[in-house]
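Colleague: In terms of our numbering, the sequence shown opens at residue 86 and continues consecutively.
Ideal Cβ positions, reconstructed from N, Cα and C, are used throughout, including at glycine.
Please see the structure below; I have some questions.
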Amino acid sequence: MIALATTYLMVVPTLDQNLVSNRLDELERSADNAAAVVPRVSQLYLQSYAEDNASAVDARVVVFEIFGPPLELLVKADSLRTGTAAISKDKIALEAAETGRVVRGTVDRGGVLRAEVAEPAPGTSKVVLLSGSLSGVKRAVSSVRRQLLVAAFPSLALALALGFLGARGLSRRVRRLDRAADRIAAGEFEGPVEDSGDDEIGELARSFERMRLRLAQLEEARREFIANASHELRTPIFALSGSLELLAEEEMDEQSRGEFIETMRGQVERLHKLATALLDLSRLDAGLDLILEPLALAPVAEALEKEFKAAAELLEHPLTISLEASPVARVDEQRTLQIGRVLLENALVHTPRGTAVAIRVTESGENGVLTIADEGPGIPTADQERVFERFFRLEGERSSGSGLGLAIAREWAMRMGGTVTLDSQPGSTRFSLELPLADDKV
86 MIALATTYLM VVPTLDQNLV SNRLDELERS ADNAAAVVPR VSQLYLQSYA
136 EDNASAVDAR VVVFEIFGPP LELLVKADSL RTGTAAISKD KIALEAAETG
186 RVVRGTVDRG GVLRAEVAEP APGTSKVVLL SGSLSGVKRA VSSVRRQLLV
236 AAFPSLALAL ALGFLGARGL SRRVRRLDRA ADRIAAGEFE GPVEDSGDDE
286 IGELARSFER MRLRLAQLEE ARREFIANAS HELRTPIFAL SGSLELLAEE
336 EMDEQSRGEF IETMRGQVER LHKLATALLD LSRLDAGLDL ILEPLALAPV
386 AEALEKEFKA AAELLEHPLT ISLEASPVAR VDEQRTLQIG RVLLENALVH
436 TPRGTAVAIR VTESGENGVL TIADEGPGIP TADQERVFER FFRLEGERSS
486 GSGLGLAIAR EWAMRMGGTV TLDSQPGSTR FSLELPLADD KV
């Protein structure tokens, strides 16, 4: 409707102005010719000239004689021969007589709008006036106005119909997205969010679908986490409960009692490690801030070697350390030590007795690297990426622990701008903690 109204307001007045201007241009050209001819026409033939010229230019031709002051116009020739008293007071002709130049404009004479041009005849006291009716122009403008209005109604009806259908289709798609959002907000992630459009709503629907899939994965991970955590907690608690019941029996000898107490101590240690791991997971998920400071990795390696030396001897693992570089990384010291403990403990616990284990510190590009390597049987290729998943444990005799250590280690490393990588094959397994170098040195 706005477009049609704008078109009407621009076209009709402009057309009217252009047609009137064109008519005035025609009359002005004819007035130029008449003003040039009138001085050469005798008074005897002036009336005949006005009548003949009127037919040629399709306008009333009037020749005035100027008198004054005060300024007056006397009709000397008039092609119409009537209304000479009124025409002698014509404002266009009077202005031309007063200013001595061409004057043009429109006047309303007897309810009829007319275009008029008046021009003084050079070298004389005469003024030539050409007055043409604008009835034809107004009829043409009225015809265009009617056609625009006639065309506007079906166009408006068509626009309304198309707009209604388009709005109905869009609103249906929006309502479908609204229902999908309600389902997702209610925790229902089964049904896909579908929209085949290529517009903004289609893109929004695809974003909703990606969100639904991600939330479904998170929900599945949450349920799996709760199930695994419950299982890991239930196992040592069940073992402790059984041991306590057996310890309550009075007939148990001291040797058996000591064995059960040692078993209980092991289960308590297992619970302690699991609780610590779960606490670390909650800190990771909560986005706990780290204290990043320049830290030399060589002293970290030496601290790990000193801390695990006794355990390595107890498990008959030759433990060596190699400091091939002295990189300084910008990290959180406690988290870096925690990651190193996880990697070194895995190498000592999950490899056969007598397997050599090495701690190495190197520098690679813009990263400092702490590597824990062993000569054990290696990790199957299919499981090498999965070992970093929460609660994942390898099958077989080497399966132990909560399955959280490597997942926590990698996530802490990524929070510090680094990562933990694995390179494993039979006879050689290397876990590498890569951390970005610090700009300043300690």
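If you run the structure through DSSP and keep just helix, strand and coil, what is Ala124?
Modeller: For the purposes of this step, residue 124 is identified with residue 39 of the sequence shown, where counting begins at 1. Per the sequence shown, the amino acid found at residue 124 is Pro instead of Ala. In this structure, Pro124 counts as helix in the three-state DSSP scheme.
Colleague: Start and end of the beta strand (DSSP E) containing Leu522?
Modeller: What you label residue 522 is simply residue 437 of the sequence shown in a count that begins at 1. It is not in any beta strand (DSSP E) - Leu522 carries neither H nor E in the DSSP assignment.
Colleague: Please check the pair Gly453 and Gly512, which I expect to be a contact at CB under 8 Å, by giving their CB distance rounded to whole angstroms.
Modeller: In the sequence shown, counting from the first residue as 1, residue 453 sits at position 368. In the sequence shown, counting from the first residue as 1, residue 512 sits at position 427. Actually they are not in contact, since the Cβ atoms of Gly453 and Gly512 sit about 27 Å apart, beyond 8 Å.
Colleague: What does the Cβ neighbour count give for Thr91, buried or exposed, with the cut at 16 atoms within 10 Å?
Modeller: As a first step, residue 91 is located in the sequence shown; it is residue number 6 there, counting from the start. The residue in question, Thr91, is exposed, as its Cβ has fewer than 16 Cβ neighbours within 10 Å.
Colleague: Over what stretch of residues does the alpha helix (DSSP H) that includes Val199 continue unbroken?
Modeller: Residue numbering aside, residue 199 sits at position 114 when the sequence shown is read from its first letter. The amino acid occupying residue 199 in the given sequence is Arg; Val does not appear at that position. Taken as a continuous stretch (DSSP letters only), Arg199 belongs to no alpha helix (DSSP H), being part of the beta strand (DSSP E) at Val197 to Pro205.
Colleague: Any idea which residues DSSP pairs Asp163 with across the strands?
Modeller: Numbered from 1 along the sequence shown, position 78 holds the residue referred to as residue 163. For Asp163, which the question treats as bridged, DSSP gives the partners Val147.
Colleague: Between the C-alpha atoms of Thr348 and Ser328, what's the straight-line distance to the nearest angstrom?
Modeller: Looking up residue 348 in the sequence shown gives position 263. Looking up residue 328 in the sequence shown gives position 243. Whole-angstrom Cα-Cα distance: 8 Å.
Colleague: Take Ala162 and list the residues in its own chain whose beta-carbon comes closer than 6 Å to its own, dropping the five residues that flank it on each side.
Modeller: On the sequence shown, position 77 is the one that residue 162 refers to. Hits under 6 Å: Leu131, Gln132, Ala135 and Val148.
Colleague: Thinking C-alpha only, which one of Met86, Val105 and Phe473 is nearest Ala237?
Modeller: Within the sequence shown, residue 237 is the residue found at index 152, counting from 1. When each option's Cα is compared against that of Ala237, the closest is Met86.
Colleague: Could you give the distance in angstroms between the alpha-carbon of Ser216 and the alpha-carbon of Leu250?
Modeller: To locate residue 216, count along the sequence shown from 1; it is residue 131. To locate residue 250, count along the sequence shown from 1; it is residue 165. Roughly 55 Å separates the two Cα atoms.
Colleague: Could you tell me which of Arg166, Gly153 and Thr436 sits nearest to Ala139, measuring between CA atoms?
Modeller: On the sequence shown, position 54 is the one that residue 139 refers to. The candidate whose alpha carbon is nearest that of Ala139 is Arg166.
Colleague: Quick one: what's got a C-beta closer than 7 Å to Val126's C-beta in the same chain, skipping five residues either side?
Modeller: Taking the sequence shown and counting its residues from 1, one reaches residue 126 at position 41. Excluding sequence neighbours, Val126 sits near Tyr134.
Colleague: Using only CA atoms, which one of Ala200, Pro207, Leu214 and Ala206 lies nearest to Gly221?
Modeller: Translated into the one-based positions of the sequence shown, residue 221 becomes position 136. Out of Ala200, Pro207, Leu214 and Ala206, Ala200 has the C-alpha closest to the C-alpha of Gly221.
Colleague: Which of the three DSSP states, helix, strand or coil, is assigned to Leu100?
Modeller: Locating residue 100 in the sequence shown gives position 15, counting from the first residue. Helix at Leu100.
Colleague: Suppose you measure from the CA of Ile406 to the CA of Ala301; what does that come to, to the nearest Å?
Modeller: In the sequence shown, residue 406 corresponds to position 321, counting from 1. In the sequence shown, residue 301 corresponds to position 216, counting from 1. Distance between the alpha carbons of Ile406 and Ala301: 45 Å.
Colleague: Taking the Cβ atom as the reference point for each residue, do Leu179 and Leu159 lie within a distance shorter than 8 Å?
Modeller: One-based indexing of the sequence shown puts residue 179 at position 94. One-based indexing of the sequence shown puts residue 159 at position 74. Cβ distance not < 8 Å, so Leu179 and Leu159 don't count as in contact.
Colleague: Can you give the beta carbon distance from Ala290 to Asp280, rounded, assuming they're within the 8 Å contact cut?
Modeller: The sequence position of residue 290 within the sequence shown is 205, counting from 1. The sequence position of residue 280 within the sequence shown is 195, counting from 1. The Cβ separation is near 3 Å, so the contact holds.
Colleague: Spatial neighbours of Pro98 within its chain, please: C-beta separation below 7 Å, excluding the five flanking residues on both sides.
Modeller: In the sequence shown, counting from the first residue as 1, residue 98 sits at position 13. Nothing meets the Cβ criterion.
Colleague: Using a Cβ-Cβ cut-off of 7 Å (strictly less than) and excluding sequence neighbours within five positions of Glu401, which residues of its own chain qualify?
Modeller: Translated into positions along the sequence shown, residue 401 becomes position 316. Counting only Cβ-Cβ distances below 7 Å, and skipping sequence neighbours, we find Arg438 and Gly439.
Colleague: What did DSSP end up calling Arg194 once you bin it into helix, strand or coil?
Modeller: Within the sequence shown, the letter at position 109 stands for residue 194. Arg194: strand per DSSP, three-state reduction.
Colleague: Which ranges does the alpha helix (DSSP H) cover as unbroken runs of at least 4 residues, wholly within the region 346 to 419, from first to last along the chain?
Modeller: Listed in chain order, the complete alpha helix (DSSP H) runs (minimum 4 residues) inside the region 346 to 419 are 382 to 399.
Colleague: Which class does Arg295 belong to by DSSP, given the choice of helix, strand or coil?
Modeller: Looking up residue 295 in the sequence shown gives position 210. Three-state DSSP puts Arg295 in a helix.
Colleague: Touching or not, the region 408 to 418 and the region 389 to 397, by the rule of three or more beta carbon pairs under 8 Å?
Modeller: They do not touch, by the three-pair rule.
Colleague: Who are the near neighbours of Leu382 in its chain, counting only those whose CB is closer than 7 Å to its CB and skipping five residues on each side?
Modeller: Here residue 382 corresponds to residue number 297 of the sequence shown, with the count starting at 1. So the list reads Pro412, Ala414, Val446, Gly453 and Leu455, once near-sequence residues are dropped.
Colleague: Please report the residue range of the beta strand (DSSP E) in which Leu455 lies.
Modeller: Against the sequence shown, residue 455 aligns to sequence position 370. Leu455 -> beta strand (DSSP E) spans Asn452 to Asp459.
Colleague: Alpha carbon to alpha carbon, what distance is there between Ala252 and Lys223?
Modeller: Locating residue 223 in the sequence shown gives position 138, where the first residue counts as 1. Locating residue 252 in the sequence shown gives position 167, where the first residue counts as 1. Cα-Cα distance, rounded: 41 Å.
Colleague: If you reduce the DSSP assignment to three classes, tell me which class Phe477 lands in.
Modeller: Locating residue 477 in the sequence shown gives position 392, where the first residue counts as 1. Here Phe477 sits in coil by DSSP.
Colleague: Hey, how far is the Cα of Pro239 from the Cα of Leu245?
Modeller: Start at 1 with the first residue of the sequence shown, and residue 239 comes out as number 154. Start at 1 with the first residue of the sequence shown, and residue 245 comes out as number 160. Cα to Cα, the separation comes out at about 10 Å.
Colleague: Would you list the residues sitting across from Arg189 in a DSSP beta bridge?
Modeller: Here residue 189 corresponds to residue number 104 of the sequence shown, with the count starting at 1. Answer is Val202.
Colleague: Relative to the C-alpha of Ser509, which residue among Gly153, Met499 and Glu460 is closest?
Modeller: Here residue 509 refers to the residue found at position 424 when the sequence shown is read from its first residue. Comparing Cα positions, the closest option is Glu460.
Colleague: For Ser484, count neighbouring Cβ atoms within 10 angstroms of its own Cβ and tell me buried if that reaches 16, exposed if not.
Modeller: To locate residue 484, count along the sequence shown from 1; it is residue 399. Low per-residue confidence applies at Ser484: pLDDT is 47, beneath 50, and the placement is therefore not dependable enough to give any value.
Colleague: Could you name the residues of the same chain whose beta carbon sits closer than 7 Å to that of Leu100, not counting the 5 residues immediately before and after it, in chain order?
Modeller: Here residue 100 corresponds to residue number 15 of the sequence shown, with the count starting at 1. Once the five neighbours on either side are set aside, the close Cβ partners of Leu100 are Val226 and Val229.
Colleague: Under 6 Å Cβ to Cβ from Glu448, same chain only, skipping five residues before and after it: list those, please.
Modeller: Mapped onto the sequence shown, residue 448 falls at position 363. Answer for Glu448: Ala410 and Pro412, listed in chain order.
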